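Numbering (the numbering used here), first residue to last: 11 to 105. For reference, the structure is listed below as structure tokens.
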Ligand SMILES: [Zn+2]
């Protein structure tokens, strides 16, 4: 019986994709910062804000990291793409 229990525990502690057990313990809700600020439209000129949603290489971060809601994540994506066109944000950064 105890063996079975052990196995279950091992499975629970293993993270998918070989990740390490990091923070994600208790339930800390991510909230969409645009919903909090009651922002309806995301301005493509607001690079200070948009800069938080791209990686250091200039890639747009996925929602699971940003914590944005679907509507705002879409707005952010569009805004970042627009600001790339007018060269406010980079497509990629050379390292
Ligand atoms: Zn939102």
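For each residue, glycine too, the CB sits at the ideal point set by N, CA and C. None of the values given here were measured: they were computed from a predicted structure.
Return the residue from the list 89, 41 and 50 that minimises the CA-CA distance to residue 114. The question about residue 114 has no answer here: the residues shown for the chain are numbered 11 through 105.
By the three-class DSSP mapping on this structure, what secondary structure does residue 57 have? Counting from one through the chain shown, the residue named residue 57 turns up at place 47. Residue 57 falls in the helix class under three-state DSSP.
Residue 105 by DSSP, collapsed to three states: which one? As a working mapping, residue 105 is identified with position 95 in the chain shown. Residue 105: coil per DSSP, three-state reduction.
Using alpha carbons as the reference points, say which of 45, 79, 69 and 104 lies closest to residue 93. Counting from one through the chain shown, the residue named residue 93 turns up at place 83. Of the listed residues, the one whose Cα sits closest to residue 93 is 69.
Based on the DSSP output, what are the partners of residue 64 in its beta bridges? As a working note, residue 64 is residue 54 in the chain shown. Bridge partners of residue 64: 70.
C-beta contact flag for residue 96 and residue 52 at 8 Å: Numbered from its first residue, the chain shown carries residue 96 at position 86. Numbered from its first residue, the chain shown carries residue 52 at position 42. No. Outside cutoff.
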